[in-house]
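Data first, discussion second: the structure below is written as structure tokens.
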Amino acid sequence: MHKSVQDIIKMKKDGKKISVITSYDYTLGSLCDKAGIDILLVGDSAGMVMLGYENTIPVTMDQMCMFTEAVSRARQNSLLVADLPFMSYQVNIDDAIKNSGRLIKAGADAVKLEGGASMAETISAIVDVGIPVMGHIGLQPQTTILSQGYKVQGKTKDTALKLIDDAKELEEAGVFSIALEMVSHEVAEIISETIRVPTIGIGSGMGCNGQVLVIQDILGMYDKIKPKFAKRYLNLSNDIVNALENYKNEVESGTFPSPDNWFSMEENELEKLREEIGR
Ligand code: KIV
23 MHKSVQDIIK MKKDGKKISV ITSYDYTLGS LCDKAGIDIL LVGDSAGMVM
73 LGYENTIPVT MDQMCMFTEA VSRARQNSLL VADLPFMSYQ VNIDDAIKNS
123 GRLIKAGADA VKLEGGASMA ETISAIVDVG IPVMGHIGLQ PQTTILSQGY
173 KVQGKTKDTA LKLIDDAKEL EEAGVFSIAL EMVSHEVAEI ISETIRVPTI
223 GIGSGMGCNG QVLVIQDILG MYDKIKPKFA KRYLNLSNDI VNALENYKNE
273 VESGTFPSPD NWFSMEENEL EKLREEIGR
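For the sequence shown, this note's numbering assigns the number 23 to the initial residue and increments by one for each residue that follows.
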């Protein structure tokens, strides 16, 4: 049985840190699950790291459903959370419920959406139909970057108070956890101590109850943006390019394939074939 949202809430109560990694496909999703990661997040960052968009704005519900289905076939133990993409929940509450339902039917256990107090009503409505919601405040890539670019949030008293208020409103609305993106670490710590549900930080310091990173960043596979918070545990781009160059060289020199990599006919069948075609 895979982890539930209740297990994640309990981890905070038990003082256990929560690990979250984005996943968008079957192969890497299986490895994240095997590594014991608590939550696999099918983030709309898929638009950038999987589809090559400049930002997350073009991502569609159909694309999010496809990624979610692939990861759901891989996951055995982790909780699976999927992002509602831009404009799939902001227009009206009916859309928000319908699109949350689509992600659940695609295999997610919960959905995540961006926004503070102004999203509280939408969140309550989704939670009321029985779909768990993860909130997302601080830097909100779907909208903040349109007006401010990638900028640390909560650096002044007033913006900090707004974030703390947003977190309380989301908790009140029924979220089971809140992602805090690029929030100053002091404010992230205050929020984590103020609310009962777990906070999941990205670039928001160690006061959060858990951490989330994009899988391509951890593995060193995406070079377009290198945020300060995205610690690289591998440098796979180099290894992959080296492997591909080796492959190309071996194809060109005829070293690949070798008998280890091909299949043979029975000797007598080959004889008969040769006779038949006269070679
Ligand atoms: O889409 C995403 O990857 C996210 C994060 C919190 C990393 O929302």
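Cβ coordinates follow ideal geometry from the N, Cα and C atoms, glycine included.
This structure is a prediction, so every number in the text was calculated from the model and none was measured.
Report yes if the CB atom of Val205 is closer than 8 Å to the CB atom of Ile222, and no otherwise. Here residue 205 refers to the residue found at position 183 of the sequence shown. Here residue 222 refers to the residue found at position 200 of the sequence shown. Result no, Cβ atoms of Val205 and Ile222 do not sit closer than 8 Å.
Going by beta carbon distance, what residues of the same chain come within less than 8 Å of Met33, once the five residues before and after it are set aside? To locate residue 33, count along the sequence shown from 1; it is residue 11. For Met33, the CB contacts under 8 Å within the same chain, skipping 5 residues up- and downstream, are Lys39, Ile40, Asp60, Pro220, Asn231 and Gly232 in chain order.
Under 7 Å: does the beta carbon of Gly232 sit that close to some heavy atom of ligand 1? Against the sequence shown, residue 232 aligns to sequence position 210. No, the beta carbon of Gly232 sits no closer than 7 Å to any heavy atom of ligand 1.
Across which residues does DSSP place Val209 in a beta bridge pair? One-based indexing of the sequence shown puts residue 209 at position 187. Answer is none; Val209 lacks a bridge partner.
Helix, strand or coil for Ser52, going by three-state DSSP, please let me know. Along the sequence shown, one-based indexing puts residue 52 at 30. Looking at Ser52 - three-state DSSP - the assignment turns out to be helix.
Please go through the same chain and pick out, in chain order, the residues whose beta-carbon is closer than 6 Å to the beta-carbon of Asn271, but skip the five residues on each side of it. Locating residue 271 in the sequence shown gives position 249, counting from the first residue. Closer than 6 Å at Cβ, skipping near neighbours: no residue.
Taking the straight line between their C-alpha atoms, what separation do you get for Gln164 and Gly152? The sequence position of residue 164 within the sequence shown is 142, counting from 1. The sequence position of residue 152 within the sequence shown is 130, counting from 1. Cα to Cα, Gln164 sits roughly 25 Å from Gly152.
Kindly give me the distance between the Cβ atoms of Gly196 and Val149, rounded to whole angstroms, as I take these residues to be in contact under 8 Å. Reading the sequence shown from its first residue, position 174 is the one you call residue 196. Reading the sequence shown from its first residue, position 127 is the one you call residue 149. 4 Å between Cβ atoms; contact.
Name the one or two DSSP bridge partners that Val64 has. Against the sequence shown, residue 64 aligns to sequence position 42. Val64 has Ala104 as its beta-bridge partners, per DSSP.
Following the continuous alpha helix (DSSP H) through Leu161, name the residue where it begins and the one where it ends. Position 139 of the sequence shown, counting from 1, holds the residue named residue 161. Looking at the DSSP string, Leu161 is not in any alpha helix (DSSP H), and its letter there is neither H nor E.
Check whether the Cβ of Ser199 sits closer than 7 Å to any heavy atom of ligand 1, and report yes or no. Here residue 199 refers to the residue found at position 177 of the sequence shown. Between ligand 1 and Ser199, a heavy atom-to-CB distance of less than 7 Å is absent.
Is the closest heavy atom of ligand 1 to the C-beta of Asp66 under 7 Å? On the sequence shown, position 44 is the one that residue 66 refers to. Yes; taking the cut-off as 7 Å, the Cβ of Asp66 has a heavy atom of ligand 1 nearer than that.
Consider the C-beta atom of Val103 and the heavy atoms of ligand 1; say whether any pair is separated by less than 7 Å. Position 81 of the sequence shown holds residue 103. No; taking the cut-off as 7 Å, the Cβ of Val103 has no heavy atom of ligand 1 nearer than that.
Under 7 Å: does the beta carbon of Ile224 sit that close to some heavy atom of ligand 2? Annotation note on ligand 2: not contained in the displayed structure, which lists ligand 1 as its ligands.
Please classify Ser280: does DSSP put it in a helix, a strand, or coil? The residue you call residue 280 lines up with position 258 of the sequence shown. If DSSP states are grouped into helix, strand and coil, Ser280 belongs with coil.
For Ile299, the three-state DSSP class (helix, strand or coil): If you number the sequence shown from 1, residue 299 lands on position 277. In this structure, Ile299 counts as helix in the three-state DSSP scheme.
Short Cβ contact (8 Å threshold) for Gly157 with Ile200: Within the sequence shown, numbered from 1, the residue matching residue 157 stands at position 135. Within the sequence shown, numbered from 1, the residue matching residue 200 stands at position 178. Contact: yes.
Simplified DSSP state of Thr44, which is helix, strand or coil: Residue numbering aside, residue 44 sits at position 22 when the sequence shown is read from its first letter. DSSP places Thr44 in strand when its eight states are reduced to three.
Under the three-state DSSP convention, the category Lys250 falls into: Locating residue 250 in the sequence shown gives position 228, where the first residue counts as 1. Assigned with DSSP and collapsed to three states, Lys250 falls in coil, not helix or strand.
Same chain, Cβ closer than 6 Å to Ser214, five either side skipped, listed in chain order: Along the sequence shown, read from residue 1 onward, the residue named residue 214 stands at position 192. Here the set comprises Thr221, Gly229, Cys230 and Asn231.
For Ala132, which beta-bridge partners are listed by DSSP? The residue you call residue 132 lines up with position 110 of the sequence shown. Per DSSP, Val103.
When the Cβ atoms of the stretch 70-79 are set against those of the stretch 233-251, are three or more pairs found closer than 8 Å? Touching, yes, given that three or more Cβ pairs across the two stretches are closer than 8 Å.
Can you check the stretch 69-122 for any beta strand (DSSP E) of at least 3 residues that lies completely inside it and give the ranges in chain order? Given a length threshold of 3 residues, each whole run of the beta strand (DSSP E) inside the stretch 69-122 is given here in chain order: 101-105.
Confirm the yes/no value for this check: CB of Leu256, any heavy atom of ligand 1, distance under 7 Å. Numbered from its first residue, the sequence shown carries residue 256 at position 234. Taken from the Cβ of Leu256, every heavy atom of ligand 1 lies 7 Å or farther away.
With DSSP as the reference, please indicate the residues paired to Thr221 in a beta bridge. For the purposes of this step, residue 221 is taken as residue 199 along the sequence shown, with counting starting at 1. BP columns for Thr221 point to Ile200.
Is the beta carbon of Leu266 within less than 7 Å of some heavy atom of ligand 1? On the sequence shown, position 244 is the one that residue 266 refers to. Result no, Cβ not under 7 Å from ligand 1.
For Thr44, is the beta carbon positioned less than 7 Å from some heavy atom of ligand 1? Here residue 44 refers to the residue found at position 22 of the sequence shown. Yes.
Helix, strand or coil for Ala233? Go by DSSP, reduced to three states. Taking the sequence shown and counting its residues from 1, one reaches residue 233 at position 211. Sequence check: residue 233 is Gln here, not Ala. Gln233: strand per DSSP, three-state reduction.
For Met23, the three-state DSSP class (helix, strand or coil): Residue 23 sits at position 1 when you count from the first residue of the sequence shown. Correct three-state label for Met23: coil.
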